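**Student:** Dropping the structure in here first, questions after.
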Amino acid sequence: MRIKVIRIIIIGLFVLIAADLVYVQVIRGQYFYHLSTNNRIRIVPLEGWRGRIMDRHGKVLADRRVAYNVMVAPQDLHDRQELFQFLAKVLGVDQKTIETRYAQKKYALFAPVVVAEDIDRDKAIILEESKYLYPSLILQEGFKRSYPLGKNSAHVLGYVGKINRVRKERSKEYGYSPQSIIGYSGVEEYYDAYLKGGEGGIQIEVNSRGQQVRLLSLKEPTTGQDISLTIDSDIQAIALEVLEGKTGVIVVMDMDNGEVLGLTSAPTYDPNIFIDAEKQKMLSRIFNNSSAPLLNRAIKGLYPPGSVFKVLIAIGALDSGKVTPHTTYNCKGYYELGGNKFRCAHTHGPENLIESLTHSCNVYYYRVGLILGADMIHQYARQFGLGSLTYIDLPYEDSGYVPSRRQRSIRRKQRWYAGDTLNFSIGQGGLLVTPLQLVRMMSTVANNGNEVQPHVIKAIGGVAVEQYNFKRNIKIDREILETVQKGMRGAVTNFSGTAHVLDLDDLYVAGKTGTAQTSGKKLNHAWFVGYAKGEEKNIAFCVFLEHGDSSHNACLVARELLLGMQAKELL
Amino acid sequence: MKRDLAKKIWIYTVLIVVVGLVALYSASYENVRVPQKIFYDQLLCALVGFVIMYFLGKVDYRKFYDVAYGFYALNILLLIFVLLGGRHALGARRWIEIAGFSFQPSELTKLSLILILGAYFSDRRPKLPYGFFSHTQMIFWDLLIPLTVTVVPMLLIFKQPDLGTSLLLFGIFLVMLFATALEYRYIFGLLGVCLAAVPFAWNILKPYQKDRLLVFLNPNIDPLGAGYTIIQSKIAIGSGQVFGKGWLSGTQNQLNFLPERHTDFIFSVIGEEWGIVGTICLVTLYFLLIYTSLNIANQVKDKFGMFVTVGIVAILTLQVVINVGMVMGLFPIVGLTLPFVSYGRSSFLIFIIMMGFLLNLSKRRTIF
């Protein structure tokens, strides 16, 4: 009977269905259960507020503010034309712009699309009030970084931005999500872990349209810690002003405790342009600028120190007993070695050590350098921290380079000649330092051999940071350093001193100028590294002008800086 | 014995209807998309349906034999009328309104086709395959005529467009043809011709129908569009696991992830909220109902009764298997309801009427 066949077929079909039910509901049930949970549960991250950055007087350098973003939810967008027209009118932009932005960013029905970022408060209020007319309009509150002082301290502060792939990999375990805002360069990067707010989030149950049905759990975002810096924004303002239009560095450090009061690198940039979406176009101009405004020259710029290095030669020669303060050499304008004439700036005549520092006589140091020898010069340079990091609490510091005979023979398979020693003795010939290294060296000399640790952090979350407040003795006799100090003071006080323009009333200033030759036809680098003992503070400072020609230019800038600080009673 | 069959049919039908109502209550529970009113609508339908079923059990079913041809003709007219001036809904013309009630003539066609095919097949007397044109005659009278009778409403329904019901009619025809004494070679010959015609049929499908078939092959080609329904439905059924998430607690259901959950996808709601316990129970109930019905077909000595029973068994089996298979992704989504459970007056009442027929048949004694 055919009914029997039909019966068998029916039994077969039902067995198949039952088998599939077992497969889907029992064997793969867990998997589908997981999918159904994912379906309905969304985690919406909530951004934590980033801590602020203050200068030493509590003036806010990096602030945070509420930013309003305009979003459109595609699933509720029924009155497309009207809404876009309205938005265009309120935001004051072309309707086309909004529509293209919407079309570009839309990817799913349930995901709101950001059509305008960081709009004005007034506009936000207008939109908020008319929200009930347009169900698809969403006004999202977020936080935005702002730098109220603009270019002031830009290199110390750094900037913030969305986390990139490298940083994400590196800091995966520290609670960063792909949407995290992270600090780049400067304090923003170095102290990011403290500044960063703890990211919170809400777990919500949504329906098929992505609309929230109920709140399942909430983790409140936390606010990051405020940070106080040792930086003095007034000094920074002066430094910024005196470096206007120049390429160079001003570093001002409290030589008693290593607090960096001012650290300005020019040309500089306004960190706000990394925040503001509308200024994004300026970014490429900064990135492509040949004078590299993003480079923090104070810690990353490598330059030959020129005559400033003579301070170290003098100390080394005295310390090793090769010369005494009274050792006198005659300067006839040049020093002849192997048929080559190594020149001096002037014909100084007979000079002792103190006079040689005051007048910055090359010939004197050619001779002392030859007596001392390249190995000893290398050793003293390292002893004063050249060629190694200062470990200032800023990222991407460079260690510089101190040449040595051994290095040269290993690396380049070249011999070291006496001529190299001569160049080395006046701070040339492959010697590269950062301005900050020289400031620390100068402070060590001025402190009679006590080396301080440069740092910019003062307090985190109201708790003072003490870990940088230590001193290390460099083990050089006090008399030696005092002799050198006399020479450097003479450079300022003597009418014939190289830095006589810095002879100010009511201020003890001493220091060493430097004019470093550069390769090619470019102008020389101009240095002035010195220290000043004021009523308020004892500072070590450095003025460096990249291709600033004569060191006299650096001295003029230093004079403006000191006068400016004096005028504001900062010294 | 025969009283017993009737009793069984009553029990199974009522149980299935109750399961359906429970699921429908959940599907429409506190929801905007699917208003609660459909539950009460279906409840009313069920009550009215049971009364109809009871009275159909009393009527002499041979009366239906007399009206089969007229009923068919009327149905064809209604289908034509639908195409000309039916009510639009969901992109198709399927409904017509009579005296304030809207119903789908395509649902009615399931019944009228079973009746006319039953009547026609039972009229045919086996011809001895002698004589010059006997083969040709047999093909003509036993195959082509009933095929034409089926294809006419099929085409009309396909035009609505309603591919699922259209193919279902063909399925009914095949099963009923199978129950006749026609030789296998003709039946399989017909199937062969149909298979060969499939590639040509592809081009007359509407784009959305093509989409559905392609999505059936791989739901992930369009997870937010055409594939969305099937993915969500599978998730719903699978996430029920063994004991389900509990009545009114299915997240896929309550949070609107399941589209059309009160009609075609009601089985997913049951699967999610009652787990495999619920689905196996429901499928078992269907199986018992169909199996019992098939016993009736075995016992009825009257040929019209036998064919009608086979037809009803065929449509029940096909709709259950295709609907369940479709919500689990075994079949393309063709829009067939789950008998007695899916919301829909026309569909529900037609199946109740069919059960009335079965009741009636189960009580009849041998006529000859």
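Heads up: the sequence lines are chains A and B, in that order. Residue 80 in our numbering sits at position 79 of the first sequence, and the numbers go up by one each step. Residue 257 in our numbering sits at position 255 of the second sequence, and the numbers go up by one each step. Beta carbons: idealized from backbone N, C-alpha and C, even for Gly. Computed from a prediction, not measured in an experiment: that's the story for all the values here.
1) Whose Cβ in chain B lies nearer than 7 angstroms to the Cβ of Ala19/A?
2) Skipping 5 residues on each side, what residues in its chain have a beta carbon closer than 6 angstroms to that of Ala492/A?
3) May I have the straight-line CA-CA distance separating Met156/B from Leu149/B, to the nearest angstrom?
4) Reducing DSSP to helix, strand and coil, say where Phe370/B ends up.
5) Could you tell me whether the Cβ of Ile237/B comes closer than 8 angstroms to any Cβ of chain A?
6) Taking only the alpha-carbon atoms, compute the straight-line gap between Leu171/B and Gly280/B and give it to the nearest angstrom.
7) Given that Arg41/A touches chain C, what residues does it touch there, using C-beta distances under 7 angstroms?
8) Note down, in chain order, each residue of its chain lying with its Cβ closer than 7 angstroms to the Cβ of Pro268/A, except the 5 sequence neighbours on either side.
9) Could you check whether the Cβ of Gln301/B sits closer than 8 angstroms to any Cβ belonging to chain A?
10) With a threshold of 8 angstroms between beta carbons, is Gln243/B in contact with chain A?
11) Per the contact definition of three or more C-beta pairs closer than 8 angstroms, is the stretch 12 to 28 of chain A in contact with the stretch 284 to 295 of chain B?
12) Considering only the alpha carbon of each residue, which of Lys301/A, Glu352/A, Leu158/A and Glu118/A lies closest to Ile232/A?
13) Round the Cβ separation of Val188/A and Val457/A to the nearest angstrom and send it over; I've been treating them as touching at under 8 angstroms.
14) Under 8 angstroms between beta-carbons, which chain B residues line up against Leu36/A? List them in chain order, please.
15) Do Leu230/A and Ile54/A count as a contact pair if the criterion is CB distance below 8 angstroms?
16) Let me confirm a value: Leu165/B is counted as buried when at least 16 other C-beta atoms fall within 10 Å, else exposed. Which label applies?
17) Can you give the beta carbon distance from Ser269/B to Val326/B, rounded, assuming they're within the 8 angstroms contact cut?
18) Which whole-angstrom value describes the C-beta separation of Thr348/A and Gly401/A, a residue pair presumed to lie in contact below a C-beta threshold of 8 angstroms?
19) For Tyr148/A, name the three-state secondary structure that DSSP assigns.
20) Take the Cβ of Leu80/B as the centre, count every other Cβ of all protein chains shown within 10 Å, and call the residue buried at 16 or more, exposed below.
21) Is the stretch 41 to 48 of chain A close to the stretch 195 to 205 of chain A, with three or more CB pairs under 8 angstroms?
22) Just tell me which of Ser364/B, Lys365/B, Arg347/B and Met356/B has its CA closest to the CA of Phe105/B.
23) Closer than 8 angstroms, CB to CB, is Val177/B near chain A or not?
24) Taking Cβ-Cβ distances shorter than 8 angstroms, what residues in chain A pair up with Phe267/B?
25) Would a check of beta-carbon distances place Ile352/B closer than 8 angstroms to chain A?
26) Confirm, please, whether the CB-CB distance from Pro305/A to Gln429/A is below 8 angstroms.
27) At least one CB of chain B closer than 8 angstroms to the CB of Phe15/A: is that the case?
28) Are Ser172/A and Glu200/A touching if we call contact CB-CB under 8 angstroms?
29) Any beta carbon from chain B within less than 8 angstroms of Val252/A's own beta carbon?
30) Buried or exposed, going by whether 16 or more other CB atoms sit within 10 Å of the CB of Ile18/B?
31) What are the residues in the stretch 254 to 267 of chain A lying within 7 angstroms of chain B by C-beta distance?
32) Could you give the first and the last residue of the continuous alpha helix (DSSP H) run that contains Val312/B?
33) Going along chain A, which residues have a C-beta under 9 angstroms from Ala181/B?
34) Quick check on Asp121/A: buried or exposed, where buried means 16 or more other Cβ atoms within 10 Å of its Cβ?
35) Please work out which residues of its chain come closer than 6 angstroms, Cβ to Cβ, to Ala117/A, disregarding the five sequence neighbours upstream and downstream, and give them in chain order.
36) Are there 16 or more other CB atoms within 10 angstroms of the CB of Cys556/A, so buried, or fewer, so exposed?
**Tutor:** Considering the structure as presented:
1) Mapped onto the first sequence, residue 19/A falls at position 18. Going along chain B in sequence order, the residues near Ala19/A (Cβ under 7 angstroms) are Ile282 and Val285.
2) Counting from 1 along the first sequence, the entry for residue 492/A is found at position 491. Same-chain partners within the cutoff: Thr359, Gly498, Thr499 and Ala500.
3) Here residue 156/B is taken as the residue at index 154 of the second sequence, counted from 1. Here residue 149/B is taken as the residue at index 147 of the second sequence, counted from 1. Taken atom to atom, the span from the alpha-carbon of Met156/B to that of Leu149/B is near 10 angstroms.
4) What you label residue 370/B is simply residue 368 of the second sequence in a count that begins at 1. Low confidence applies here, because Phe370/B scores a pLDDT of 44, under 50, leaving its location unreliable and the question unanswered by this model.
5) For the purposes of this step, residue 237/B is taken as the residue at position 235 of the second sequence. Answer yes: the Cβ-Cβ gap between Ile237/B and chain A drops below 8 angstroms somewhere.
6) In the second sequence, the residue the question calls residue 171/B occupies position 169. In the second sequence, the residue the question calls residue 280/B occupies position 278. For Leu171/B and Gly280/B, the distance between alpha carbons rounds to 29 angstroms.
7) Given the protein chain composition of this structure (A and B), no chain C is represented.
8) Position 267 of the first sequence, counting from 1, holds the residue named residue 268/A. Excluding positions up to five away in sequence, the list reads Thr248, Ser292 and Pro294.
9) Against the second sequence, residue 301/B aligns to sequence position 299. Chain A contact via Cβ: absent.
10) The sequence position of residue 243/B within the second sequence is 241, counting from 1. Closer than 8 angstroms: yes.
11) At 8 angstroms Cβ cutoff, the stretches touch.
12) Taking the first sequence and counting its residues from 1, the one referred to as residue 232/A is at position 231. Checked all of Lys301/A, Glu352/A, Leu158/A and Glu118/A; the closest Cα to Ile232/A is Leu158/A.
13) Position 187 of the first sequence, counting from 1, holds the residue named residue 188/A. Position 456 of the first sequence, counting from 1, holds the residue named residue 457/A. About 6 angstroms separates the two Cβ atoms, so the contact holds.
14) On the first sequence, position 35 is the one that residue 36/A refers to. In chain order: Ile237, Gly240 and Ser241.
15) Taking the first residue of the first sequence as position 1, residue 54/A is located at position 53. Taking the first residue of the first sequence as position 1, residue 230/A is located at position 229. It is a contact, given that the beta carbons lie within the stated cut-off.
16) Start at 1 with the first residue of the second sequence, and residue 165/B comes out as number 163. Leu165/B comes out buried.
17) Position 267 of the second sequence, counted from the first residue, corresponds to residue 269/B. Position 324 of the second sequence, counted from the first residue, corresponds to residue 326/B. First, the residue type needs correcting, since residue 269/B is Phe and not Ser in the sequence shown. Between the beta-carbon of Phe269/B and that of Val326/B there is about 6 angstroms, and that keeps the pair under the 8 angstroms contact cut.
18) Sequence index remark: in the first sequence, residue 348/A carries index 347 (1-based). Sequence index remark: in the first sequence, residue 401/A carries index 400 (1-based). So it is not a contact: roughly 33 angstroms between Cβ atoms.
19) Counting from one through the first sequence, the residue named residue 148/A turns up at place 147. For Tyr148/A, the three-state secondary structure derived from DSSP is coil.
20) Numbered from its first residue, the second sequence carries residue 80/B at position 78. Buried, since its Cβ has 16 or more Cβ neighbours within 10 Å.
21) Of all C-beta pairs linking the stretch 41 to 48 of chain A to the stretch 195 to 205 of chain A, three or more are shorter than 8 angstroms, placing the two stretches in contact.
22) Within the second sequence, the letter at position 103 stands for residue 105/B. The residue from Ser364/B, Lys365/B, Arg347/B and Met356/B with its alpha-carbon nearest to that of Phe105/B is Arg347/B.
23) For the purposes of this step, residue 177/B is taken as residue 175 along the second sequence, with counting starting at 1. Closer than 8 angstroms to the CB of Val177/B there is at least one CB belonging to chain A.
24) Position 265 of the second sequence, counted from the first residue, corresponds to residue 267/B. For Phe267/B, no chain A residue has a Cβ inside 8 angstroms of its Cβ, as the nearest lies near 13 angstroms away.
25) One-based indexing of the second sequence puts residue 352/B at position 350. It does not: the Cβ of Ile352/B has no partner Cβ on chain A nearer than 8 angstroms.
26) As a position in the first sequence, residue 429/A is number 428, starting the count at 1. As a position in the first sequence, residue 305/A is number 304, starting the count at 1. Yes.
27) Counting from 1 along the first sequence, the entry for residue 15/A is found at position 14. Yes, Phe15/A lies at the interface with chain B (some Cβ there is under 8 angstroms from its Cβ).
28) In the first sequence, counting from the first residue as 1, residue 172/A sits at position 171. In the first sequence, counting from the first residue as 1, residue 200/A sits at position 199. With contacts defined as CB atoms closer than 8 angstroms, Ser172/A and Glu200/A fail to qualify as a contacting pair.
29) The count along the first sequence starts at 1 and reaches residue 252/A at position 251. Taking Cβ atoms only, chain B never reaches closer than 8 angstroms to Val252/A, which makes this a no.
30) For the purposes of this step, residue 18/B is taken as residue 16 along the second sequence, with counting starting at 1. The residue is buried, with at least 16 neighbouring Cβ atoms inside 10 Å.
31) Within the stretch 254 to 267 of chain A, no residue has a Cβ lying closer than 7 angstroms to any Cβ of chain B.
32) Here residue 312/B refers to the residue found at position 310 when the second sequence is read from its first residue. Annotation: the continuous alpha helix (DSSP H) that includes Val312/B extends over Lys305 to Val329.
33) Against the second sequence, residue 181/B aligns to sequence position 179. Against chain A, a Cβ distance below 9 angstroms from Ala181/B picks out Arg3, Ile4 and Ile7.
34) Walking along the first sequence from the start, residue 121/A turns up at place 120. Counting other Cβ atoms within 10 Å of its Cβ, Asp121/A stays below 16 and is therefore classed as exposed.
35) As a first step, residue 117/A must be located in the first sequence, where it is residue number 116. Result list for Ala117/A: Val71 and Leu92, in chain order.
36) Here residue 556/A corresponds to residue number 555 of the first sequence, with the count starting at 1. Flag for Cys556/A reads buried.
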